[in-house]
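FYI, the numbering for the sequence shown is 5 to 133, going by my numbering.
Since the structure comes first, as structure tokens, the remarks are kept for the end.
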Amino acid sequence: MDEERYRQGLQVRREVLGADYVDAQLAKGSDAFGEPMQQMVTEFCWGGIWTREGLSRRERSLMNLVMLMALNRSHEFKLHVRGALNNGLTAEDIREAILHASAYLGLPAAVEATRLAREVLAEADLTPP
């Protein structure tokens with residue numbers, strides 16, 4: 005494991021997803037089975053990808069929302085709606101990303117993404133546009 009990349013990844017992961025969430029995930033995955041996955045996610049995804057130059061965190065969040073919408077990964081989608089809010093996206097931005105993606109992914113994916121985003125926005129005390 006690259007300790008520096010892991011450290012950077014952990015910092016970005018906490019800033020985007022929230023320290024409480026990340027710490028809970030690390031604690032859940034601290035056994036022999038889950039720890040390698042937590043290390044890989046933190047080091048590779050957050051430390052190796054999210055720390056790269058070239059795209060802003062806001063742009064990365066938009067991409068994640070659409071990719072997770074396409075993959076129908078509801079848990080991860082909701083998690084990244086929260087992250088997108090932390091990265092400066094507004095409820096309107098999230099709505100527009102869902103609407104734009106609906107033209108390419110289909111209405112069932114868009115309806116589900118809208119429902120999930122609405123749940124997260126309500127939890128964040130944000131009124132959907």
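The beta carbon of each residue, even a glycine, is placed where N, CA and C say it ideally should be.
Computed from a predicted structure; not experimentally measured.
R62 is classed as exposed because its beta carbon has fewer than 16 other beta carbons within 10 Å across all chains shown. L83 is a Cβ neighbour of L21, given a cutoff of 8 angstroms.
Using a 10 angstroms sphere on the CB of A31, the tally of other CB atoms stays under 16, which defines it as exposed.
It is roughly 33 angstroms from the alpha-carbon of Q12 to the alpha-carbon of E116.
Taken atom to atom, the span from the alpha-carbon of G33 to that of E39 is near 5 angstroms.
Comparing alpha-carbon positions, the option among T94, L120 and T46 lying closest to P133 turns out to be T94. Residue burial annotation: E8 is exposed, with fewer than 16 other C-beta atoms found within 10 angstroms of its C-beta. The criterion of a C-beta distance shorter than 8 angstroms is satisfied by L109 and M73.
By the Cβ neighbour-count rule, E96 is exposed, with fewer than 16 other Cβ atoms within 10 Å of its own. By the Cβ-count criterion, R56 is exposed, with fewer than 16 other Cβ atoms from all chains shown falling within 10 Å of its own Cβ. Cβ-Cβ distances below 6 angstroms link W50 to G13, V16 and R17 in the same chain, with the five nearest sequence neighbours on each side left out; the list follows chain order. Within 10 angstroms of the beta-carbon of S60 lie fewer than 16 other beta-carbons, which makes it exposed.
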